[in-house]
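Count the sequence shown with mature numbering (1 follows the signal peptide of the UniProt record, and there is no 0) and you get residues -32 to -1, 1 to 472, in order.
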Amino acid sequence: MTGRRTNRLRKTVVVAATSLTVVLSAGLPAVATTPADGADLVALSVESGELRLSFRGDGRTGTDPQSVRFTASGAPVGVIPDDPAFSFLGRPGAPVWSLQDGSPFSTFDTTAITRGEVTLELAAVEGLGAFAAYTLSEWGRPTLLLDSDGRRSTRLPAGRRVGGVVWLFDAVGEYRVTLRATSRTGARTLQDEAVYTVSVPAGAEAVPAAQAPPVQKADPATTTAAGSATANKAVAAGTSAPTATGRKVIADGHVDMGPVLDGGTLRIRLKDDSTTPPTWREPADVMLKVTDKARIDVPSGAGYAFLGKAGDKVHLLPQSQQPGIVWPGWNTQHESVVKGTKGTVTWRLKQVRGPGRFTLFLTGSFGTPEVIFDSAKSLPQRLGIAPNTHAHGNWAFTKPGVYQLTVDMTATTTAGRSVSDTRTLTVAVGNSTSTDGGDAPDPGNGGGSATDDDTGGGGLAETGTDIASIAGGGALLLITGTAVVVLARRRRSEHGHVSTPDPS
């Protein structure tokens, strides 16, 4: 993507803007649930021996992309940063638009293709501008996948989800993008095409994007997504799952923290995707093990100073899945919560006990970190999570040892009743840290804590942000036979983290 205009652009993959509107044409079946942020823009499956390329917004139901109109927000996400790593986007300072602005980004899902090779091509694009698709490493370094002015295809790993895919346009107007997926297993070749219609409306002026801190070793661009940090293992479909008891240590694979409504009582559970179907576990019955595979150096630059000095060792569970490293996230997708609550779910970090500092942060479209939770600051801190949301961030621990993260979640039932629950997640960081026992460690210098009245930090105001500003979820509106789904993403420059009085 060099910024030149061409009507031969190829696929509409985009980076980050303020909102995404999905409109299903009148007369077509309405989507039953609100598409979660981080939707599968490309979901591949085999039905009756034929390959099917579809859009999946809720993690369960596939939709023909040709029946969906995607609308980016009216304002650009920002301008191309003056950073050599993003030179493939074009001239620094040029405005860009996207379907999402923040995390998690969209995914390419091939979990239904269990073996063989999968290729995604830009078969054709009609539009006024250029686009590029790329993923981001844990330090925000891009890996180019598709480019309307150059790279026309990318290989995807079979049986996995390539997450953290950034989709970017450099001009307003309407685009018709034809994607072609090919699956090859031995002598058998399956293929399907789909047309994505994307509208990029004119709007406000772009705000310059903050440049990501430089890293000592940038991830090289590659045409193969299989080896990138964003090639995510298969995640079982569906939101309901059995519960289980008994202590389990999880050192690899996908796990989410989220609320469950049980007979009108809200309970925080961990969704363990290492089983089929997934299992919802009590946090007290789980210990996350962070091995030294997750131990990396803090990069240079002021942007990551909250993790320590450049070159300091930290254990980082990245926003995108990596083999051999546990991949924790959060979701509000349990069927009981989707059907039984209204409005956002408030997730609060109340107390951190451990030998070092804990932070949860997101990597923005241009690699800029956005801190969500930070144990070195006053607690509690809050995050508002939209309904039917599935998200991942970067979980950083500055020293080896056992950490205990005490959190609560609060929701409002459809009857208007407030329900909440408080649990503690135990994390063993470092190969030498034992997973036996799991008793609460000494607080050490892990950072903030909260008293029983949740004032924390000597009564300072709670800090917080809304998931709409980082992982956009929205509302499903049914209007005269037409389903309109809006995923709102308030721009970080407008909202960010704000101090608000503790409501408790």
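Think of the CB as a built atom: it goes at the ideal place given N, C-alpha and C, for glycine as much as any other residue.
Here glutamate 338 is buried. Its C-beta has 16 or more other C-beta atoms within 10 Å. In this structure arginine 148 is in contact with glutamate 161, their Cβ atoms being roughly 5 angstroms apart against a cut-off of 8 angstroms.
For the pair glycine 311 and alanine 359, the CB atoms are not nearer than the 8 angstroms cut-off. According to the DSSP secondary-structure assignment, valine 266 is paired through a beta bridge with no residue. Around the C-beta of aspartate 77, 16 or more other C-beta atoms lie within 10 Å, and the residue is accordingly described as buried.
Taking all protein chains in view, the Cβ of alanine 170 is surrounded by fewer than 16 other Cβ atoms within 10 Å, so the residue is classified as exposed. Boundaries around lysine 307 are those of the alpha helix (DSSP H), 303 to 308, since no beta strand (DSSP E) includes it.
Look at the beta carbons and you see the region 239 to 249 not touching the region 309 to 328: under three pairs across the two are nearer than 8 angstroms.
Assignment of glutamine 159 by DSSP, reduced to helix, strand and coil, places it in the strand class. Annotated three-state conformation of leucine 21 is strand, per DSSP.
For serine 121, the pairing in a beta bridge is given by DSSP as Glu89. Going by DSSP, lysine 281 is part of the beta strand (DSSP E) stretching over 281 to 285. In this model, alanine 278 and valine 266 are separated by some 5 angstroms (Cα to Cα). Inter-segment contact for the region 278 to 290 and the region 358 to 374 is present: three or more beta-carbon pairs are separated by less than 8 angstroms.
For the options Ala219, Pro33 and Arg249, the alpha carbon positioned closest to that of valine 163 is the one of Pro33. The three-state reading of DSSP puts glycine 271 in helix, counting H, G and I together. DSSP places proline 245 outside both helix and strand once states are collapsed to three, so it counts as coil. For aspartate 138, no beta strand (DSSP E) run applies, since DSSP gives it neither H nor E. Alanine 273 is classed as exposed because its beta carbon has fewer than 16 other beta carbons within 10 Å across all chains shown.
In this structure serine 343 is buried. Its beta-carbon is surrounded by 16 or more other beta-carbon atoms within 10 angstroms. With respect to the C-alpha of proline 63, the residue from Leu88, Gly97 and Val130 having the closest C-alpha is Gly97. Ranked by Cα distance from aspartate 117, the options Leu124, Phe99, Ser105 and Gly127 are led by Phe99.
When C-alpha distances from glycine 108 are compared across Gly132, Leu90 and Ser304, the shortest belongs to Gly132. Exposed is the label assigned to threonine 157, since fewer than 16 other Cβ atoms lie within 10 Å of its Cβ. In the DSSP assignment, phenylalanine 76 falls within the unbroken beta strand (DSSP E) covering 74 to 77.
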